[in-house]
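Asker: One structure is given below, represented as C-alpha cells, and several questions about it will come after.
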Amino acid sequence: MHSLSIGPVGLAIDYVLVWGALFLALIWLRLVVKEKPLRAQVENTLFSVFVAALLGARAGFIWRMWPQYQSDWLAMLDIRDGGFVPQAGLIAGALVLIWRVHKLPVTRNASVKVVLLTAACMLPVYIGINWVNRSATMPLPVVQNNALQTVDFAAFTDKPIVLNVWATWCPPCRREMPVLEQAQQNYPNLHFIFLNQGESAAEVNEFLSSQGLKLENVLLDSSGAVSEAFGVAVLPTTLFYSPQGKLLYRHVGGVSTASLDYALQQITQSTPEE
C-alpha cells in the first residue's frame, strides 16, 4: 500500500502516518497530562514541533535540489510536488522540542513522554508498511499499448523502470507530463512506462496529440486491475523499480523537475547490486 484514498482526496501513506502521529500524540497528551494549564503548554509544544518538522523537511529538500529552484523561486512554495527530506524534518523538530522544553522546564517530562510514546507506536507501523512495500516483487502483467498492441511487462526487465500511473482527467497528471517526457529523453538507460488508468486508446491518443506529447511505452489499464496489482490507489503515482523488480522508491502525486531528479538520485544511490 503506497497511498490512501478517502473519497476524492488521496495521500501518500507517509503523509497519512505523519498526520496520524500528530493526532496520536494529542491523544497520548490527554491520557498523560490531566492538568489543563500544563496540557495547553505541551500541546503548543507539539504543534510547534510538527510545524518545524514540516518546514525543515521542505527546506532540506530545497537545499538539496537548489539548482532546480534557482530560476523559479516560486516553485519552492509549491509543495504539490511532494518534495520533502524526512531526515531534515526530524532534525528541525528535535531542535524545536529541545528549545521548547528548555524554555518551559515544567513541560519537559510530559513533552518527552508523549513524543516517546508516539514514536514507539508509529515507528513499527512505518517500518512495517515500508518493508511490505519494498519486499513485494513488481507484477509482470500483459497489457495493450495505445496502438492496441500486446505488451508484456517482462520485456522491460533489462533496465531500471520508472512506472507512472496516470489519467487524462487528472490535473496533476497533466502538469507532470512535460517533465516526464523530458526525463524519458534524458535517461535512455531507464525504461519510462506510462500506464493509463481506465481510458480507451482513442482518449489517450487524443490527449497526447492535443498536448504535443511524444511518449514511448504508453500502456492501457482499462479496468484498473493492473494499477491495483501495483498497489496504486491515488493518481498520479510514480514507482521506481530495479531490473530485478524490487521497489526502490515511490512518489505519490505530481512530480516536478526537482522531485523527479530527487527520486532518480534515490535509485542511483541504491545498493550496488541494483
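UniProt numbering numbers the first residue of the sequence shown as 1 and each following residue consecutively.
Cβ atoms here follow ideal geometry from the backbone N, Cα and C, with glycine treated the same way.
Just so we're clear, the structure is a prediction, and the values are computed from it rather than from any experiment.
What is the rounded straight-line gap between the Cα of Val96 and the Cα of Lys103?
Answerer: When rounded, the distance between both Cα atoms is 10 Å.
Asker: Among Leu55, Ala183 and Gly83, which one has its Cα closest to the Cα of Ala89?
Answerer: First, the amino acid is wrong: residue 89 is Gly here, not Ala. Among Leu55, Ala183 and Gly83, the Cα nearest to that of Gly89 belongs to Leu55.
Asker: From Leu38, Pro124, Tyr69 and Phe50, pick the residue whose C-alpha is nearest to that of Ser256; which is it?
Answerer: That would be Tyr69, whose Cα lies nearest to the Cα of Ser256.
Asker: In angstroms, rounded to a whole number, what distance separates the CA positions of Pro139 and Thr150?
Answerer: In a straight line, the C-alpha of Pro139 is about 16 Å away from that of Thr150.
Asker: With contact counted as at least three CB pairs below 8 Å, one residue from each stretch, are the segment 210-220 and the segment 126-137 in contact?
Answerer: They do not touch, by the three-pair rule.
Asker: Quick one, are the C-beta atoms of Gln144 and Leu46 less than 8 Å apart?
Answerer: Not in contact: Gln144 and Leu46 (Cβ atoms no closer than 8 Å).
Asker: Locate the beta strand (DSSP E) running through Phe153, then write down its first and last residues.
Answerer: Per DSSP, Phe153 belongs to no beta strand (DSSP E) and is neither H nor E.
Asker: Spatial neighbours of Arg30 within its chain, please: CB distance less than 8 Å, with the 5 preceding and 5 following residues excluded, ordered by chain position.
Answerer: Closer than 8 Å at the Cβ level, and outside the excluded window around Arg30, lie Arg39.
Asker: Of all the alpha helix (DSSP H) runs that stay within the bounds of the UniProt domain "Thioredoxin" (134-269), which reach a length of 4 or more residues?
Answerer: Here the runs fully enclosed are 171-186, 201-211, 225-229 and 257-268.
Asker: Can you say whether Ile79 is buried or exposed, counting buried as having 16 or more other CB atoms within 10 angstroms of its CB?
Answerer: It counts as exposed.
Asker: Between which two residues does the alpha helix (DSSP H) harbouring residue 277 extend?
Answerer: Absent from the structure is residue 277, since the part of the chain shown begins at 1 and ends at 274.
Asker: If you compare alpha carbons, which of Glu181, Val42, Val125 and Leu26 is closest to Asp14?
Answerer: The shortest Cα separation from Asp14 among Glu181, Val42, Val125 and Leu26 belongs to Val125.
Asker: Considering only residues of the same chain and omitting the five flanking positions on each side of Thr137, which have a CB-CB separation below 8 Å?
Answerer: Counting only Cβ-Cβ distances below 8 Å, and skipping sequence neighbours, we find Gly245 and Lys246.
Asker: For Val218 versus Asn186, is the C-beta distance shorter than 8 Å?
Answerer: Not a contact, by the Cβ cut-off of 8 Å.
Asker: Does the Cβ-Cβ distance between Trp166 and Leu117 come in under 8 Å?
Answerer: No. Outside cutoff.
Asker: Out of Phe240, Gly254 and Val252, which has the shortest C-alpha to C-alpha gap to Gln265?
Answerer: Considering only alpha carbons, the answer is Phe240.
Asker: Hey, quick one: how far does the alpha helix (DSSP H) through Ile91 stretch, first residue to last?
Answerer: Ile91 -> alpha helix (DSSP H) spans Pro86 to Lys103.
Asker: Buried or exposed for Asp81, going by 16 or more other Cβ atoms inside 10 Å?
Answerer: So Asp81 ends up on the buried side.
Asker: Less than 8 Å between the beta carbons of Met122 and Ala52, yes or no?
Answerer: It is not a contact, given that the beta carbons lie outside the stated cut-off.
Asker: By the 10 Å Cβ neighbour count, where 16 or more other Cβ atoms means buried, how is Gly224 classified, buried or exposed?
Answerer: Answer is exposed; the Cβ neighbour count stays below 16.
Asker: Counting only beta-carbon separations shorter than 8 Å, does Lys34 have a partner in chain C?
Answerer: No chain C appears in this structure, which consists of one protein chain only.
Asker: Drop a sphere of 10 angstroms on the beta-carbon of Gln182, count the other beta-carbons inside from all chains shown, and report buried for 16 or more, exposed for fewer.
Answerer: Exposed.
Asker: Suppose the cutoff is 6 Å on Cβ atoms and the five residues either side in sequence are ignored; what does the same chain contact list for Met177 look like?
Answerer: Leu213, listed in sequence order.
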